[in-house]
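S.K.: One structure follows; several queries about it will come next.
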Ligand SMILES: NC(=O)c1ccc[n+]([C@@H]2O[C@H](COP(=O)([O-])OP(=O)(O)OC[C@H]3O[C@@H](n4cnc5c(N)ncnc54)[C@H](OP(=O)(O)O)[C@@H]3O)[C@@H](O)[C@H]2O)c1
């Protein structure tokens, strides 16, 4: 039984991972920017009362992440797995058309928040003598460039560099660092723009076609990630859901996957 902290776990893959960890008997700290977790999320976790807490945490603020660590330590006594999952996207426009707030948010959340979270988790885990830190990769982690998504891609490219470097720095300490690579998932991140309105990409025929072939529901990916994280004790691991092999197979069998998600 492990104690787990997940940033950005009010919905999407973060929430699905929280649920999977709870199913596996772990204690979980969920978090997000709101003061309270959405009622629907609480209702879904009703059978795990006492096994989870919700802590408000905006990863853009280091003090907020410190509080997330401290409150989790106070509740669980130690933290075995810390996941930097909170992430934001920008509107689907060229980089030079992206507003200042969107530009700052994607960098502050996906890079700064992930670095602050890792710094706090690494320092705390080194003190307790063990632990694993994971961060959520995304488009850009493999250096792929997609126009109108390059600010997000820049952030995930940096995330991967940082996590590989962190793993190197932690070598031989008993604390490990790794990356989670989810592929494409049907979450608000895809279906909505950063302001919460329906995203224009999901009405794009080409995007829908590819998404229906390669995409998955977050619950499916979470199940895979959680079982891998619970058995992993290797440093510098990438736990990848949508491998090149799986993607090739999906394309070969694409005829069976029409309209399956959006
Ligand atoms: N969906 C995909 O296809 C896909 C693909 C590759 C990678 N990813 C990555 O997966 C991660 C989760 O994405 P998702 O698809 O599950 O998205 P999502 O459904 O939009 O969920 C995003 C989560 O992040 C939280 N969040 C956003 N900004 C935050 C901040 N400043 N501080 C704390 N929490 C914050 C949100 O919580 P509140 O709104 O409650 O604060 C929410 O729980 C992200 O890192 C994303 O880049 C997603």
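Numbering (my numbering), first residue to last: 118 to 379. All C-beta atoms, glycine included, are put in the ideal place defined by N, C-alpha and C.
Since residue 294 is in the alpha helix (DSSP H), which residue starts that stretch and which ends it?
M.R.: Note, residue 294: premise wrong, no alpha helix (DSSP H); beta strand (DSSP E) at 292 to 298.
S.K.: Is it right to say residue 244 is buried, meaning 16 or more other beta carbons lie within 10 angstroms of its own, or is it exposed?
M.R.: Flag for residue 244 reads exposed.
S.K.: In the structure shown, what three-state DSSP assignment does residue 154 receive?
M.R.: Here residue 154 carries a coil assignment [DSSP, helix/strand/coil].
S.K.: With DSSP as the reference, label residue 248 as helix, strand or coil.
M.R.: strand
S.K.: Along the chain, where does the beta strand (DSSP E) that runs through residue 198 open and close?
M.R.: 198 to 201
S.K.: Could one say the Cβ of residue 337 lies closer than 8 Å to chain D's Cβ atoms, at least one of them?
M.R.: No chain D appears in this structure, which consists of one protein chain only.
S.K.: Going by C-alpha distance, which of 375, 361, 338, 298 is nearest residue 132?
M.R.: Ranking the options by Cα distance to residue 132, first place goes to 338.
S.K.: To the nearest angstrom, report how far apart residue 351 and residue 298 are at their CA atoms.
M.R.: 16 Å
S.K.: Touch check for the stretch 286 to 294 and the stretch 164 to 173: three-plus C-beta pairs under 8 Å?
M.R.: Remark: fewer than three beta-carbon pairs, one from each stretch, lie closer than 8 Å, so the stretch 286 to 294 and the stretch 164 to 173 are not flagged as touching.
S.K.: Where does residue 205 fall in DSSP's three states?
M.R.: Coil, per DSSP.
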